[in-house]
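Below: the structure, in structure tokens.
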Amino acid sequence: MAGPAIFLIGLFVVVPFLFAIGLSFTDQRLVTPNPTQFVGASNYNQLLGLNLLPLEPERDAAGQIVRDEAGAAKYPAVRSFTRKNPDYPQYDGMREWFSVGVGDTQWVVLARDVVFMTALVNTFIFVLVVAPLQGGLALGLALLINQKLRGINVFRAIYFMPVVVSIVVVSLLWRFIYDGNSGLLNNLLKSLTFGAFPSVEWLGQPETALGAIIVMSVWQAVGFHMVIWLSGLQTISPTLYEAASIEGASKWQVFRYVTWPGLRNTAVLVLVVITMQAFGLFSQIDVMTKGGPLDSTQTIVFQAVQRGYGKQDISGGSTISVILFVLVLSISLIQRWLTREKR
Amino acid sequence: MASVTLKGIKKSYGVTEVIKGVDLTIADGEFTVFVGPSGCGKSTLLRMIAGLEDISAGTLSIGEQVVNDLPPKDRRIAMVFQSYAIFPHMTVRENVAFGLTIAGAPKEEKDAKVAEAARILQMEHLLDRRPSQLSGGQRQRVAIGRAIVRKPAVFLFDEPLSNLDAALRVDMRMELSKLHADLKATMIYVTHDQVEAMTLADKIVVLNAGIVQQVGSPLELYHQPANLFVAGFIGSPKMNFIEVTAARSEDGRAIVSATDTGPISAPVRTSVSAGQKLTLGIRPHHLALTADGPIAGNVRLIERLGHETIISAALPSGYEIVAALAGDVGLTLGQPVRLAPETSELHLFDASGVAV
Ligand SMILES: Nc1ncnc2c1ncn2[C@@H]1O[C@H](COP(=O)(O)OP(=O)(O)OP(=O)(O)O)[C@@H](O)[C@H]1O
Ligand SMILES: [Mg+2]
Chain A
1 MAGPAIFLIG
11 LFVVVPFLFA
21 IGLSFTDQRL
31 VTPNPTQFVG
41 ASNYNQLLGL
51 NLLPLEPERD
61 AAGQIVRDEA
71 GAAKYPAVRS
81 FTRKNPDYPQ
91 YDGMREWFSV
101 GVGDTQWVVL
111 ARDVVFMTAL
121 VNTFIFVLVV
131 APLQGGLALG
141 LALLINQKLR
151 GINVFRAIYF
161 MPVVVSIVVV
171 SLLWRFIYDG
181 NSGLLNNLLK
191 SLTFGAFPSV
201 EWLGQPETAL
211 GAIIVMSVWQ
221 AVGFHMVIWL
231 SGLQTISPTL
241 YEAASIEGAS
251 KWQVFRYVTW
261 PGLRNTAVLV
271 LVVITMQAFG
281 LFSQIDVMTK
291 GGPLDSTQTI
301 VFQAVQRGYG
311 KQDISGGSTI
321 SVILFVLVLS
331 ISLIQRWLTR
341 EKR
Chain W
1001 MASVTLKGIK
1011 KSYGVTEVIK
1021 GVDLTIADGE
1031 FTVFVGPSGC
1041 GKSTLLRMIA
1051 GLEDISAGTL
1061 SIGEQVVNDL
1071 PPKDRRIAMV
1081 FQSYAIFPHM
1091 TVRENVAFGL
1101 TIAGAPKEEK
1111 DAKVAEAARI
1121 LQMEHLLDRR
1131 PSQLSGGQRQ
1141 RVAIGRAIVR
1151 KPAVFLFDEP
1161 LSNLDAALRV
1171 DMRMELSKLH
1181 ADLKATMIYV
1191 THDQVEAMTL
1201 ADKIVVLNAG
1211 IVQQVGSPLE
1221 LYHQPANLFV
1231 AGFIGSPKMN
1241 FIEVTAARSE
1251 DGRAIVSATD
1261 TGPISAPVRT
1271 SVSAGQKLTL
1281 GIRPHHLALT
1291 ADGPIAGNVR
1301 LIERLGHETI
1311 ISAALPSGYE
1321 IVAALAGDVG
1331 LTLGQPVRLA
1341 PETSELHLFD
1351 ASGVAV
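Going line by line, the protein sequences match chains A and W.
The first sequence begins at 1 in our numbering and counts up by one.
The second sequence begins at 1001 in our numbering and counts up by one.
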């Protein structure tokens, strides 16, 4: 019975995945006249390579730090270390990611692939914001609609609706909402503040772009997780609530002592599912920002697709997907361990 | 401690009326049992007293206070549910102390009261376990412990023993009886098991289809059932009912007969007229084998219990009468027997089912 399913899963999931692992150790390109070669871990080095460069301020002959009029110390150019400097072969080809000043020394963090690092950080920010926000909101909605009221099913349907619509369509719609000139959001804020609110190009500025995508993503999938919470809520025996009401528990106490403990397994599920979905952030980026502006919305999967297909760098794309797999797997395991049943 | 008074209590779900006007007074410290067949509204009535269901009409008082509009926590009640309703993620100690935790009681008070309840219920050794590590009887003990800690004026039990096996049920029944004697609190207990009702109750309330059929002590119900329903419901095996016609009545007795039986003299409380159609009720335990009994039939079924023998005998009309005979009686299937009723223990009911 399970035969066909196992075959199909093997064909479309396991085999491609094993391919990806294999390819991540080669220099395979999509179309190339050259034979494929084994390159060891160099793809991983290329993506994840990091180094620390301590920059000492320039000093004059007397050993005093050279300062400009504003009193800021003058540092040598990072480029002088990373461009074919035979004294520092380890920095060769790297770029400055960010730097921190400690005392007079400027510690520069160099990355071999700054864009990928940005993508990693953006993805983590996305996950860290979306997981609690979406999970919490979905729980709130589930608690609200888990009541015996007339027409409550209408609300359930309304909240669930965005889930049914394709994420691509939703992203297109939200592009209009976020539009800088006559977008719905700008118009709304304007009319609420009687014109005082200046128009914002929500998706066009590095400061707001990721936030805008987070808000839209939370809205889109919150209904899905609401339904999961709802099913969890309905497994809690009504007599437990009755017992709590006889003991005189307040609404909050009922939640704390009856509802929340009863939702423990659901919470683990919701958390793991949201985390995995959030790590896969791609469609919204592809439709709304293409990773911009200034790489402020780069994500891991977007990078994988861009390299694998955009730049025809199959081995690079494969490497990113293997890294993503390891990340998601280890985070899921950590979550499982943290939320395990304590005896 | 408090009495409970129900005046004209009704409950409807939409158009269906489930409780059709109940008037009842439960005295302070009394152990009252609601019995009745499944779906007759016992739980609904109890839940209205608890405050878990709205009261559609009538007034409910606990003590001197009308509590119709009070939330459950202010009614000075505690309730024990059939499904235990103990919190699965809490230890026994936390479960028992739940009400105190909710009220923000200090730890010493909690410990003292939990220890007290655990002593009464002999479950000190269970306090640090979780419900999943307890047997059914132990879980129900925890639920009772949680009720005791509240020091309620009225304990409410909704079929607390029906998830337990037979032997444990007997044990717990005795413990509940003891608990009532110790605490001297008013207790209202719902069951559909008439043995529980008979053994536990000071007062039994028999319900059928949302109407109180009879209120009285267990023996009153057994010896003087007010109507056919109560007569048939209380007592095991069930009372036999034979359609009879009254011949005459004299000195508080009526002589009745049927196609199946010879003339039988039965006590009447009111009066019957000659020729009136009646139903004669005979408890199986009030039948004995005699050579010249007025009831003749053939043995169809024999159940030997050792201390008694239950037989079923087919009368000429085809009605099968059940008799519980003392001791081990040597009978064989198909054998003709004659049975004589104990004439002081007979019951007559008129066509509407009311005892006469
Ligand atoms: N929420 C409800 N809506 C409509 N009808 C209900 C509701 N709750 C109970 N009833 C009806 O009320 C009647 C009495 O129910 P109740 O639970 O009080 O019976 P019970 O005597 O406790 O029976 P059991 O011995 O099976 O527990 C039943 O006929 C039931 O169908
Ligand atoms: Mg019931």
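In this text, a Cβ means the ideal position worked out from N, Cα and C, and glycines have one as well.
Predicted model, so just to flag it, every value in this text is computed and none were measured.
Taken in chain order, the complete beta strand (DSSP E) segments of 3 residues or longer contained in the region 1032–1066 of chain W are 1057–1062.
Pro1131 (chain W) has a beta carbon lying at 8 Å or more from every beta carbon in chain A. The shortest CA-to-CA distance from Phe1098 (chain W) to any of A:Asp313, A:Thr319, A:Ala243, A:Ala70 is the one to A:Ala243. Fewer than three pairs of CB atoms, one per stretch, sit closer than 8 Å, so the region 1298–1317 of chain W makes no contact with the region 1271–1283 of chain W. Each residue's CA atom was taken as its position, placing Ile1204 (chain W) and Val1170 (chain W) some 19 Å apart. With fewer than 16 other beta carbons inside 10 angstroms of its own, Arg67 (chain A) counts as exposed.
Here DSSP, grouped into helix, strand and coil, assigns Tyr88 (chain A) to coil.
Shown in chain order are the members of the region 243–263 of chain A whose Cβ falls below 9 Å from a Cβ of chain W: Ala243, Ala244, Ser245, Ile246, Glu247, Gly248, Ala249, Ser250, Gln253, Tyr257, Val258, Pro261, Gly262. Taking 8 Å as the CB threshold, Gly1145 (chain W) stays off the interface with chain A.
The residues Ile145, in chain order, have a CB closer than 8 Å to that of Ile152 (chain A) in the same chain once the five nearest residues on each side in sequence are set aside. Using a Cβ-Cβ cut-off of 8 Å, Leu1052 (chain W) counts as an interface residue toward chain A, since at least one Cβ of chain A sits closer than that to its own.
Membership of Val273 (chain A) in the alpha helix (DSSP H) is indicated by the continuous run 264–279.
Each of W:Asp1193, W:Thr1101, W:Lys1184 was checked against the Cα of Met1090 (chain W), and the nearest Cα belongs to W:Thr1101. Checking the 7 Å criterion, the Cβ of Lys1184 (chain W) is out of range of every heavy atom belonging to ligand 2. The DSSP-derived three-state label of Ser1012 (chain W) is strand. Within chain A, the C-beta atoms nearer than 9 Å to that of Ile1077 (chain W) come from Ile246, in chain order.
At a cut-off of 8 Å, the C-beta of Thr239 (chain A) has a neighbouring C-beta in chain W. Secondary structure note for Met161 (chain A): its alpha helix (DSSP H) is the uninterrupted segment 152–164. Short note on Lys1042 (chain W): C-beta closer than 7 Å to some heavy atom of ligand 1.
Here Met1172 (chain W) is buried, its C-beta having at least 16 other C-beta atoms within 10 Å. Rounded to whole angstroms, the Cβ separation of Ala1254 (chain W) and Val1272 (chain W) is 5 Å, and the two are in contact under 8 Å. Ile320 (chain A) is a Cβ neighbour of Ile300 (chain A), given a cutoff of 8 Å. The region 1300–1340 of chain W contains, as complete beta strand (DSSP E) runs of 3+ residues, the segments 1308–1314, 1320–1326 (chain order). Annotation: Ser217 (chain A) to Thr266 (chain A) spans about 21 Å, alpha carbon to alpha carbon.
Residues Ile65, Val66 of the same chain have their beta carbon placed closer than 8 Å to that of Arg59 (chain A), with the five preceding and five following residues left out of the count.
In terms of Cβ geometry, Pro162 (chain A) and Trp219 (chain A) form a close pair [threshold 8 Å]. Residues of the region 1041–1072 of chain W with a C-beta less than 9 Å from any C-beta of chain A: Arg1047, Ala1050, Gly1051, Leu1052, Pro1071, Pro1072, listed in chain order. Not a single CB atom of chain A sits nearer than 8 Å to the CB of Gly1136 (chain W).
Collapsing the DSSP output to three states places Gly1293 (chain W) in coil. In this structure, ligand 2 has no non-hydrogen atom nearer than 7 Å to the beta-carbon of Asp1260 (chain W). One Cα belongs to Val1356 (chain W), the other to Val1244 (chain W), and the distance between them is close to 13 Å.
For the 8 Å CB-CB criterion, Val1035 (chain W) and Ala1197 (chain W) form a contact.
In terms of Cβ geometry, Leu50 (chain A) and Leu110 (chain A) form a close pair [threshold 8 Å]. In this structure, ligand 1 has a non-hydrogen atom nearer than 7 Å to the beta-carbon of Thr1016 (chain W). Taking Val1212 (chain W) as the centre and dropping the five residues before and after it, the same chain places the C-beta of Val1022, Asp1023, Leu1024, Val1205, Val1206 closer than 8 Å to its C-beta, in chain order.
If you check the CB distance, Pro1218 (chain W) and Gly1262 (chain W) do not come in under 8 Å.
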